[in-house]
Amino acid sequence: MSFVIKKVIKKVIKNKYYLILLIPALIYFFIFYYLPMVGALLAFKKYNYADGIFGSPWCGLDNFKFMFINGDIFGVIRNTALYNIAFIIVNTTFEIFLAILLSEIGCRFFKKISQGCILFPYFISWVVVGTFVYNMFNYEFGAVNGFLKSINIDPINIYNNPTAWIPIIIFIKLWKEIGYGTVLYLAAISSIDQEMYEAAEIDGANIFRRIRHITIPSLLPTIIILVLLSIGNVFKGDFQMFYQLVGSNSMVYSTTDVIDTFVTRSLLNTREFGMTTAAGIIQSVFGLIVIVTSNCCIKKYDRDYALY
Amino acid sequence: MKNASRIITLLTVVCMLLTTVLTGCGGTEKARDATTSASTDSTVQSATTTEDSNKADFSEPVNLTMYLVSNEQPDAKMVYDKVNEKLKADINTTVEPKYLQGADWKQKYSLIFASGENFDCIYTANWACYGDQATKNAFMEVNMDMVKTYMPNYYKLVPETDWPQVKVNGKIYMIPYLNKQLVGHRLTLIRGDLREKYGIDSLKTVDDLENYMTTIAKNEKSLLAYNGVISGLNELFTNIIYKQPKNSMYVDGGNGLFTVQLDDTVGNMSYALDDPEYLKGLDRMKRLADAGAWSKNTLASKDDPRVLFSQGKGATLFDHIEGMKTVVMQTNTSHPEWKVEVYDLSSDKLHEASPATRSGMAINARSKHPERVMAMMNLFGTEKDYYDLTTYGIESVHYKAIGDNKLESLEQGIKGYKPKENCPWAWERKDYMRNIEGVPENLSGIEKDWISKGLSSTTPFTAFTFNDSNVKNEKAAVNDLKLRIGDALVAGVYKDVQAQLNDYKEKLKKAGNDKIQAEIQKQLTDYANSLK
Amino acid sequence: MIKNTIDRKIFIVIAYTTIIFTSMICLIPFMLVISGSISNQASIYQYGYSIIPKSISLEAYKIAFLSPDEIIRSYANTIGVTVVGTSIGLLITAMTGYVLSRKDFEWRNKISFFFYFTMIFNVGLVPWYIICVNFLKLNDTYFALLIPFVLNVFYILVMKSFMSSIPQAIHESARVDGANDIHIFIRIILPMSKPALASIGLFIALGYWNDWYTSFMFISNKDLFSLQFYLYKVVSGAEAFQQLSSVVGVDPASIPTEPLKLAMTVIVIGPIVLLYPHIQKYFVKGLTIGAVKG
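Here's what the structure looks like:
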């Protein structure tokens, strides 16, 4: 027993500087994330303030039932997951593409301006985006239909068309977040050793080959990390986005309802912490399964690329 | 040089570690204890209050914390400083208002109870978390002896019938306001100039309204007969078209599926979806929708119909009388040529009054000074200078008083303390209210008409609130269905109304609506029996 | 030396077209925002949004700046919190990312998981609130704006990824020279990670700049409000009153909420637009060239 302790102490001393550097983060996450995890208990209790979290009576899986009674939950889960996967694929592709283009351009002024421009949408709140979209798409007075009428085409009712919203949502999400992701990839590209490019150029590789054989492989660790980080949240929908764009337009719920909007709508008039926590737990558990699986797969491919 | 910078960096790191450690210390173990210790507090409270109930002892200065549901007005501190001057002199108490601001205030409402924050009272209402927080032991039970001792004048002004209306699970948890608003009944507002333009007579029935809206839809291209949101269409359908002509009221807390008659005394509940009138009403909504009376995308719209109306983009509004008053006043000022007219399309039917839970003050279960809260409410609601201060601001700074019941807003008032905006609604009192000088208000006629005809009905079931704690899951599922299918039916979006209604009923059944029905019926019958 | 060969020419054409196109798509809505914020609310309802405002009115800005001392104070709060918070947050994030990137740290995978787990399993709103308010006593303090979101797992792990690309050789040679890990971190790793620090630092700063949630949750004292919360209060106060006005009896159409929402966006983004070009210079290729050779 004391042998084990001695071994541990030896390891701690050996790694002391590392541990010192880690202490702030460890404390922070313990206090703000691990301690509050007791809140997960709320999902299994009938909460009231007098008894608090620990004193309130247990109620088993009661708080979970509301999600499943309807029968729509599976469609909602499917929507959430599919959208998130689409977002990951589409956004990553375009962000890498844009980052590579930007990194090769020489003109500093142009670079500055365009990088600033693509960040603008990040600052526009979903409320404003929702208003703009409604102004564009609404049937009677919208800009799109105004344009169609002026060239003698019948107006279209986009808000009634569930399938149309799939590309619309993917596009809007891309528009909003492209600036953010491009910055990250740009930073990664900036760290790539220039010598490799010069050597390749001397060897006669044209720019496309240089990108394909140097830039992209060098970016691979970053790409994998960012994808892995997003995958854990594959069952969490961007509530603000869906709420502002779709709102109460139930005509398109079949393709646009996600777990978060579904739960909020169901609990609109009930402030039951137990039920909202239950929904959160379902999302977290599924996310955990996905991430553990993905990380294992990546580890088999190359241990260094894994998240943990 | 190298060593010095090493030391400095090490010191910086250590300092930061210390800060984070110190802020973190003390939190870890206590988390468990605090939440359990809270439970002892509320039981201790009720013991001490019965002892003190006959002593009006104000020898100790006390500072109350009061939570209000509104944005803090810029001059609120200035106003409440003046209030506290008087309050201290009168009952040796001062009050510090805190605010639940912004659009997400409901979330914060529950959190301050969950964290056991120290405050004495909070604004509450049936639309401001009263029902669901009361069942979680957030509020202290209101002891009627204390009310009679510490707020005698206020108590005299509260109608006897109000106290049973604010009961939750048989206990009283709020002190209701002193106004009776007839907001259960919905009215219709239209543009009179357009009515005259198309030679339509004054509206008397729902058929007349349909005629008006269809005419407008056919002939006016720059505006919509109704331009707004789905909740407005719900007002039109669930109230004006369906419930009011039948003399009924809803008893299921917002889902609009179960009704009783206003003059019922035994609790005969009906399922609205089985009623042929319901289907007829939905057909009417479909006809209107097809005629273009409202936007095909109303379900997606978030614009405020009153704003759209004021911009000339809509021709009708549906609301209760209090909401109408504001619109009428504002339109008469900005667009008198529109000649807005307000109609009660069920003027000969019984009218549903709104319950006393519409506005009031609740005492925090953890408060240590409930008697002071009551004494404060007593003053706010019965002494005009307190009322004017908290509601309208400081006289001659924020407003100019004209007589007892009128005022003129001053510039500082519009900038710093708009009338009625700093959440003084808990002690709102009809005869103390001040209307803005000079703006005609055509609705008092309608109100007087109702009262004289004895139409405003305090039915036996006005005080009934459905307690859904046994059917929370089913209610959540039904809520989702209502928002998903029910609203779309009302908006007239589906091609085959009958088929969709059947589908809706099927899905509701699957979601456990029968269980909810049984539960409401049981509570209703029990309630009816308790009244005998 | 960039040779102007034909493949490069094609590439440049593609690059410029794509980037200009993307920038336009991102810029035009923003121009609508600016134009809408200085428009008259009535003209927005009449004509919708357009790049050139149909009728100009600064009403929205007047309302936003109604209490100039409040808005100045909230600007000051937000600037202060952003500077301090970003410095602390970036430093700790870099420290943590560095340790996790070191292949000779045997517990790095377990600790990475310790951090990552919090990203997925996050269901404790009520206890989080209780901890912040009851035990850390953050209510109505400056720390409430600073501490709750100073660290973010995403940034730590991205930092870890960036730092992993620094060759092991550097560590080894520095160790041989007698430096300990903290020294290596400060003297060598940090200077080599400029793009990573710049980008993560930017994100942390933006997070603080845009934050209204901590003010909403923890602050009642208006002297401590952040900029975003102050503006959010102004706008949503206006909207909330449109809903409540039937209770209160307030004129719902008196506040131009549409231009106000847009003015809010402009007021918040203003300083960022000025700041960003300075940070942008870190995203240039070849920044880390001298380091490896040296």
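Chains as they are written, first to last, in this note's numbering: chain R, 1 to 308; chain G, 1001 to 1532; chain Z, 2001 to 2294. In this text, a Cβ means the ideal position worked out from N, Cα and C, and glycines have one as well.
* Bounding residues of the beta strand (DSSP E) (the contiguous stretch that carries G/Cys1121) -> 1121-1124
* To do: Give a yes or no on contact between the region 252-259 of chain R and the region 75-85 of chain R, applying the rule of three or more CB pairs nearer than 8 angstroms.
  => Between the region 252-259 of chain R and the region 75-85 of chain R, the count of C-beta pairs closer than 8 angstroms reaches three or more; the two stretches touch.
* To do: Measure the alpha-carbon distance for R/Phe110 versus Z/Tyr2045 and round it to whole angstroms.
  => Roughly 36 angstroms between the two C-alpha positions.
* **Amino acids of chain G, ordered along the chain, whose beta-carbon sits closer than 8 angstroms to that of Z/Ser2296** => Not covered by the structure: residue 2296 of chain Z. The range shown for chain Z is 2001 to 2294.
* Any C-beta of chain Z under 8 angstroms from that of R/Pro167 -> no
* Asked: Which first and last residues belong to the beta strand (DSSP E) in which G/Leu1343 is found?
  -> In the sequence under discussion, the amino acid at residue 1343 of chain G is Tyr, which differs from the Leu named in the question. Where G/Tyr1343 is concerned, the enclosing beta strand (DSSP E) stretches over 1340-1343.
* Near the ligand NAP: R/Lys299 beta-carbon under 7 angstroms from a heavy atom -> Absence of the ligand NAP from the depicted structure is noted, as is the absence of any ligand whatsoever, leaving it without description.
* May I have the straight-line CA-CA distance separating R/Ile172 from Z/Gly2201, to the nearest angstrom? => 26 angstroms
* Counting along the chain, where does the alpha helix (DSSP H) carrying R/Phe132 start and finish? -> Looking at the DSSP string, the run of the alpha helix (DSSP H) that includes R/Phe132 is 126-137.
* Straight-line Cα distance separating R/Gly287 from R/Asp238 -> 15 angstroms
* Which runs of the beta strand (DSSP E) fall wholly inside the region 1305-1381 of chain G and span at least 3 residues, in chain order? -> 1316-1319, 1340-1343, 1360-1363
* **Nearest-angstrom Cβ-Cβ length linking G/Phe1119 and G/Thr1065, presumed shorter than 8 angstroms** => 4 angstroms
* **Reduced DSSP category for Z/His2278 - H, G, I as helix; E, B as strand; rest coil** => helix
* To do: May I ask you to list, following chain order, the residues of the region 1093-1116 of chain G that have a beta carbon less than 8 angstroms from some beta carbon of chain Z?
  => Lys1098, Tyr1099, Gln1101, Gly1102, Ala1103, Asp1104, Trp1105, Lys1108, Leu1111, Ala1114, Ser1115, Gly1116
* Asked: Taking Cβ to Cβ, would you say G/Met1361 is nearer than 8 angstroms to G/Met1144?
  -> no
* Asked: Which class does R/Tyr18 belong to by DSSP, given the choice of helix, strand or coil?
  -> In the structure shown, R/Tyr18 sits in a helix (DSSP, three-state: H, G or I).
* Based on the DSSP secondary-structure assignment, which residues constitute the bridge partners of G/Glu1096? -> G/Thr1065
* Pairwise C-alpha distance: G/Ser1202 and G/Glu1196 -> Using only the alpha carbons, I get a separation of about 9 angstroms.
* DSSP-derived helix/strand/coil call for G/Phe1113 -> helix
* To do: Report the three-state DSSP secondary structure of R/Lys149 (helix, strand or coil).
  => helix
* **Test: R/Ala143 CB closer than 8 angstroms to a CB of chain Z** => yes
* Asked: G/Phe1139 by DSSP, collapsed to three states: which one?
  -> strand
* Listing by chain order, which chain G residues have their CB less than 9 angstroms from the CB of Z/Val2083? -> Among the residues of chain G, none has a CB under 9 angstroms from the CB of Z/Val2083; the nearest is roughly 16 angstroms distant.
* To do: Put G/Asn1435 into one of helix, strand or coil per three-state DSSP.
  => strand
* Going by the beta-carbon positions, is the gap between R/Leu268 and R/Thr276 smaller than 8 angstroms? -> no
* To do: Measure the alpha-carbon distance for G/Cys1025 versus R/Leu26 and round it to whole angstroms.
  => Confidence is the limiting factor: at G/Cys1025 the pLDDT is only 31, short of 50, which leaves the residue's position unreliable, though a coordinate-based value still follows. A straight line joining the alpha-carbon of G/Cys1025 with that of R/Leu26 spans about 14 angstroms.
* Pick from R/Leu102, R/Glu177, R/Tyr28 that is closest to R/Met241, judged by C-alpha positions -> R/Glu177
* To do: State the CB to CB distance for the pair G/Lys1106 and G/Cys1129, rounded to an integer number of angstroms; the pair is presumed to be in contact (CB under 8 angstroms).
  => 6 angstroms
* Taking DSSP as the reference, what is the three-state secondary structure of G/Ile1172? -> Strand at G/Ile1172.
* Can you find a CB in chain R that lies within less than 8 angstroms of the CB of G/Val1142? -> Against chain R, the CB of G/Val1142 has no partner CB under 8 angstroms away; the residue lies outside that interface.
* Anyone know if the C-beta pair for Z/Ser2039 and Z/Ser2057 falls short of 8 angstroms? -> Going by C-beta atoms, Z/Ser2039 is nearer than 8 angstroms to Z/Ser2057.
* To do: Say whether the region 2154-2162 of chain Z touches the region 223-233 of chain R, bearing in mind that this needs 3 or more beta-carbon pairs closer than 8 angstroms, one atom from each stretch.
  => Taking 8 angstroms as the limit for Cβ pairs, the verdict is that the region 223-233 of chain R does touch the region 2154-2162 of chain Z.
* To do: Report the rounded CA-to-CA distance for G/Lys1418 versus G/Phe1309, giving the unit in angstroms.
  => 23 angstroms
* Give every residue of the same chain whose Cβ lies closer than 8 angstroms to the Cβ of Z/Gly2036, excluding the five residues on either side of it in the sequence, and list them in chain order. => Ile2044, Tyr2049, Pro2053, Glu2258, Pro2259, Leu2262
* With 8 angstroms as the threshold, decide whether the Cβ of R/Ala50 is near any Cβ in chain G. => yes
* **Residues in the region 2181-2201 of chain Z having any Cβ partner in chain G nearer than 8 angstroms** => Ile2182, His2183, Ile2186
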